[in-house]
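Numbering (my numbering), first residue to last: 5 to 118.
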């Protein structure tokens, strides 16, 4: 069955960096656009970033442009989210999503605090 397993979250100070990973299985990873979403306490889940199959095009939420970078390694069935210059408002549970598959992983908690 489809599985998405996120990792790499943690507690980081403002201005710090984290790299999230999502390992996928149960579908043909290389043929799927992949996205990252996040959900902060008391808020709706929101789009963060997207990368097309093949990695040729990326899109970002305005709030993370210039700070976050999405990438993929099809040989490892993995999508990454490099997060730099983190802010307290980036605190959320981060989820990866395979476009058109409709499954979510358990998420990974990112907390930005001094």
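For every residue, glycine included, the Cβ atom is placed at its ideal position computed from N, Cα and C.
Apply the 10 Å Cβ neighbour rule to residue i and answer buried if 16 or more other Cβ atoms are within range, or exposed otherwise.
i, result
"residue 116", "buried"
"residue 79", "exposed"
"residue 39", "buried"
"residue 94", "buried"
Give the range of the beta strand (DSSP E) segment to which residue i is assigned.
i, result
"residue 52", "50–55"
"residue 101", "96–102"
"residue 11", "7–11"
"residue 63", "62–64"
"residue 119", "Here the chain covers residues 5 to 118 and nothing more, so residue 119 does not appear."
"residue 74", "72–77"
Is the CB-CB distance between residue i and residue j below 9 angstroms?
i, j, result
"residue 101", "residue 86", "no"
"residue 4", "residue 64", "Residue 4 is absent from the model: the chain starts at 5 and stops at 118."
"residue 104", "residue 43", "no"
"residue 96", "residue 114", "yes"
"residue 27", "residue 5", "no"
"residue 75", "residue 59", "yes"
"residue 22", "residue 30", "no"
"residue 10", "residue 106", "no"
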